[in-house]
Amino acid sequence: MYISTALQRGWPLAMLVQNIPKAIVASQAVENYGNTSAAMQEDVGLEHEEAVVDGHTDSGAPVVGHGASGTEVDDEGNGSEHEAQEQAYEGHGSQAEPQGQEDEGHGSQAEPQGQADEGERIPSIVQQMQNEEEEFAQAQESGEGSDEDEDYPIPAAWRERGFGNPVVHDAKQQEWEYRQNEVVQGARYASSKLLKEAVKLWSLSLKKEFKVVKSSPSVYDVCCVRDGCPWRVHAYKGILKTHWKVSIVTEHTCYNREVPKYNRNLIAAFVANEMAKQKVFEMRFGTYEDSYDNLPRMLATIAERNPKTYYDVMHFPNPEGGKYKGTILTAIGVDGNNQVLPVAFAFVENENTESWYRFLEHVKAQVVSSRSNVCLIIDRHAGILDAIEKLQHGSGACPPIWPDVHSRWCMRHLAANFHDHFKNKDLMDLFKRLCSQNQQRKFNAIWKLLDELTAKHQAANPSANSSGTTTKPFSQWIQDKPKVKWALLYDTNGRRYGIMTTNHAECYNMVMRSSRGLPLVGIVEFILYGCAKYFRERYMAISVDLSTPSVLFGKRIIKYMETKTDKAQTYNARLVGTRENRFEVSCSTESLVWILRTLSQPFIRREQLQQPGTKSFSDMGMAEEEPTPELLDLSIDSGHRSYLSAEQHKHLATFQCRPPKEFLELNNRWIDRLRGAGPLTFCRLVEGGPVGRHGRARPRMMIDNSLITALVDSWRPETHTFHLPCGEMAPTLQDVAYLLGLPIAGDAVGPRVVPASWRDGLEVRFAGVDRLDHLGPLDPHPNSRGPAKSWLLQFQATNLHPDADDDSVRRSLEAYLLWLFGFIMFKNGTSNSVDKVLIPYAQEIADASEDAVPLWSWGSAMLAATYRGLCDACIKDESNARFQGCALLLQLWSYERLAVGRPIVDHRAYEAQYYGEHDDDGPTMGTLWVCPRERIWANEQARRTYPNFVVKLDRLVAEDVIWEPYSTEFVASLAPYGLSSCYTSNEALWYTTASLVYDIYIKAHSPDRVMRQFGYAQNFPVARVIDRVSQQNHRLSRLGQPCSATWVHKVQPYVDAWGDAHEHVVHPVGPHTE
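Each residue of the sequence shown is one higher than the last, beginning at 87 in the working numbering.
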């Protein structure tokens, strides 16, 4: 059939998922199913809340204009019998509608034909989508909610992610369209007859009476019959308009003192018509209640007679009816010829994480099957976002079932969010142009223009947006939204095939409108016959192409290639290369250069067909060379500290990098385990050097906040380097080895799943620690996010009893490691607790036997944490911001290499007292700056002055930099007995380009950008950080993500890749020369 043939031919398929709210109120015509013209309108809840998935996998490719509701042409002149009776009953309180003829016909309009781009050109669909956005904005401004939310407050639990609450749903769906038993402001009706029937039905459902104030060919106005009640509905038909629009709706304030026995608007003809409708309706489809019993048998029959059709029914007995009115979930594919392809449907109680997960789970198993790299274009509803997350990475004990699924965001829905934030339609249209750009130059130009215009708009309209938050500039608003999700230019591997919106689903939504009021069996019948007719017509249309072996692609792709080929004919190619066959290609507006490696025969790259906007040079035998990517991200640049300070002249405060006030001594019974785990040399450095072993006074570790802050201002997250006038520089694994002596080899320090009872586990393990007698009982652990420092200090080495047992020594070591990790190596945003993810690492080291201590790559983990701290800090401007990461590493690195803020110390050689018995128990290059030697500051006035440090760094020249501080001669003069052996044990990993991992932080290591620091010549070009770690993984955060098990699946590929870090290294091309 069509799908299997399309897959064999390699025609691309994308998929869109869409929800269609189904208000089970039958007010639509049912002429598609019989000779009857209308159905009884009635609110019915779900008798049995069921989830049904009906997928067709053996049929052809989609388009269905069949079933779309037309526009009724009504004669306004004579009035209906119902109107006459109603006006007669109203007596003198109403005005008769004047005689006249009014043309409400739409004339000839384009009908939906199933084309994938109809959402941008069919007037009815375009008008519907614009109405949705306008009505949503009006509902937001007026505080209008659903009929359930108006009477009862929304519980707090309903507002959580994935619950499906309208508060978080940004689909901008038309409220009045799905609440057909209520007339709301902004509602549109095709004729005055439909408007009057809607007002009458709404009034009857409220058990209220109304009278007609005015009824003319252009105005319809009614009010409540009770004096003093402000209820009113006013509608009008605008000049040159073909529809009626409700402009005023006010609420009733009157109450019925008793059950009304009659209603002036409930005439006999109306009752007779409704009874007739109900009987005909039940004769054709049965009652709503019966449909739940008939549906399973109907689906079984369909599956039996249509092979490869799949369905599933979940039963939830609920005889009193469900809370929700029901929702239809649909999966609409798009084939290579840009035709829509309905593949699966589901009836669910509400749109939430569970319903979307089960639906997509069935789509994967029964429709997608083994096909890889399917892309879902979605509307960013919280439920579907969480469902895709669970499908990709699993949840808890459930493994991922669709790991290679990709998702992209609908441009129109994101633009609606943009409009909701900035309240400007022109800016929203400009943002849509930005999303659709496929050239970097135009993308950057529109981005810059949006920054300028939104800044002006914000200055002119400083009020908050509809959500109550302050309006942010464009770059700040968009920075948390990955470009790969919304920008065509950054669409990785062309996953979305140029499809920017879910308008394809809107096209099918228009087709489904006439069936929403039917029982479930009626909707299934409508889908079955509609799809069968559509697939049959599509198959007949393409059967000629399928039988022609020379036709490899659909008509749309062929037309696209012909257009590009014709354009390529206008180019002029001039050979300018010698060995490389370099050509200069000139066109009428630009001059570009491409490099061709081979001239064997003309060809077209397959990637060009799936990346819209790529130029084709098939007839000339040329392939386009990739353009040079932009180095800096404009969204980061506009919020960077350097930009705020230099361009906006904003006063920025320094970061707080407070080191711990206490200095913990090492216990001799810890040494073997610390040596096996790797951090012994670093522990000696933190302890204050070997001088501490001889009883000398130990100075407090000082961190220069001004120096650290000045360095942060020059950091760029896009390159993981400091951008200085003398070139790019950065701390690398070589600096970590020489300055700190931490191990680089070993397993990556990835995320761990920490149980919720971690606090109880700590207290149980440490309850039996044998401390000095005078210390008294242990203090209980405070209520903090991680192990508290005040609680951990109770178990420091000086508090242990001299005869403490081995378990007490292990627990004391565990407490020391948590203190070392949390307040020196991996400093977080708090000053009193450690990240609880570090508990398993400290516990495993403490509990291991001395000859089998696990070894982790603490050096790479510390560098990853420091990189993350720099990336976060460079865009912070809060006055009390804290620097996260290892500030000690940054300060020692700056002292070694930069002549800014560096103290003058005694450079005499390390004495023998700095060395222990083993090779790894010795000094490092950082010992020079940490040990208590006398210090003299080069400029006392400039020290701790943040602005002066910024000026000095801005004027830094190459002569002020020590590019190779670890030269053999200098190391030999400073450490005649050698340095700790840790710095040489992992020398091969200094040049690795494998990603660094600490917990969920994934950071690219780019020694190839700073090869001069190693004494080698700099290579060009150099890979960007985003080329090694995706932007989404680069910004992973635990904020708002309580499930820690998810991160294990996300980060595990990088953890495994670190094991092969030695295979991915930079190969120097030669020594550096001036």
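In this text, a Cβ means the ideal position worked out from N, Cα and C, and glycines have one as well.
The structure displayed is predicted, hence computed values, not measured ones.
Q.
Taking the alpha-carbon of Q562 as reference, which of H726, G412, S917 and A430 has the nearest alpha-carbon?
A. H726
(Q) How far does the alpha helix (DSSP H) with S843 in it extend, from its first residue to its last? (A) Element bounds for S843: n/a, residue is neither H nor E.
Q) If you count every other CB in all the chains shown that lies within 10 Å of the CB of T53, and 16 or more means buried, which is it? A) The structure shown does not extend to residue 53, since the chain is modelled only from 87 to 1160, so the question has no answer here.
Q) Where V1016 and N966 are concerned, what is the direct C-alpha to C-alpha distance, given to the nearest angstrom? A) 27 Å
Q | Length of the line joining the Cα atoms of S302 and I388 | A | 51 Å
Q. Under the three-state reduction of DSSP, which class applies to E670: helix, strand or coil?
A. strand
(Q) For a test of the three-state rule: what should DSSP assign to S458, helix, strand or coil? (A) coil
Q. Which residues in the same chain as S876 place their Cβ atom closer than 8 Å to its Cβ, once the five residues preceding and following it in sequence are excluded?
A. D865, P868 and N918
Q.
With H, G and I counted as helix, E and B as strand and the rest as coil, what does DSSP make of H448?
A. helix
Q) Quick one: what's Y1087 bridged to in DSSP? A) Y1084
Q) When burial is assigned at 16 or more other CB atoms within 10 Å of the CB, is Q1162 buried or exposed? A) Past the boundaries of the shown model lies residue 1162; the chain is included only from 87 to 1160, so the question cannot be answered.
Q) Which same chain residues, not among the five before or five after S458, have their C-beta less than 7 Å away from its C-beta? A) D490
Q: Would you mind stating whether R1114 and T1079 have Cβ atoms separated by less than 8 Å?
A: yes
Q) If you pair each beta-carbon of the stretch 572-584 with each one of the stretch 329-348, do three or more pairs fall below 8 Å? A) no
Q | Three-state secondary structure (DSSP) of L661 | A | strand
Q. In whole angstroms, what separates the C-alpha of E733 from that of N503?
A. 29 Å
Q: Please list the segments of the beta strand (DSSP E) lying wholly inside the stretch 629-663, counting only runs of 3 or more residues, in order along the chain.
A: 658-661
Q) Is C270 helix, strand or coil when you go by DSSP? A) Per the sequence shown, residue 270 should be read as Val rather than Cys. The answer is coil: DSSP assigns V270 none of H, G, I, E or B.
Q.
Using the three-state DSSP reduction, which class does F969 fall into: helix, strand or coil?
A. coil
Q) Exposed or buried, what is P940 when buried is set at 16 or more other beta-carbons lying within 10 Å of its beta-carbon? A) exposed
Q: Would you mind stating whether V895 and R755 have Cβ atoms separated by less than 8 Å?
A: yes
Q: For Q565, count neighbouring Cβ atoms within 10 angstroms of its own Cβ and tell me buried if that reaches 16, exposed if not.
A: buried
Q: Compute the beta-carbon to beta-carbon distance between L1060 and A995, rounded to the nearest angstrom, for a pair I have assumed lies under 8 Å.
A: 6 Å
Q | As assigned by DSSP and simplified to three states, the class of G248 | A | Bear in mind that the predicted position of G248 carries a pLDDT of just 33, short of 50, making it too unreliable to give a figure here.
Q) Helix or strand or just coil, what does DSSP make of K347? A) coil
Q.
Suppose contacts are defined by Cβ-Cβ distances below 8 Å. Is A947 in contact with N753 by that definition?
A. no
Q | Closest Cα partner of Q452 within the set W442, A430, I463 and L471 | A | A430
Q | Alpha-carbon to alpha-carbon, E447 and A1143 | A | 29 Å
Q. If you follow the beta strand (DSSP E) that R494 is part of, which residue opens it and which one closes it?
A. H492 to W495
Q.
Just to confirm my understanding: we take R871, look at its own chain, exclude 5 residues before and 5 after, and list those with CB closer than 6 Å. What are they?
A. S919
Q) Identify the residues that DSSP records as bridge partners of K297: which are they? A) C309
Q) Just how far apart, CA to CA, sit E964 and I794? A) 15 Å
Q.
Within the continuous alpha helix (DSSP H) that includes L381, where are the two ends?
A. Y374 to R391
Q. At a cut of 8 Å, does the stretch 802-819 reach the stretch 951-961 through at least three beta carbon pairs?
A. yes
Q: Take K534 and list the residues in its own chain whose beta-carbon comes closer than 6 Å to its own, dropping the five residues that flank it on each side.
A: none
Q.
Looking at the secondary structure, which residues open and close the alpha helix (DSSP H) in which P1036 lies?
A. Residue identity check: residue 1036 is Val in the sequence provided, not Pro. It spans Y1032 to D1040 - the alpha helix (DSSP H) in which V1036 sits, taken as one unbroken run.
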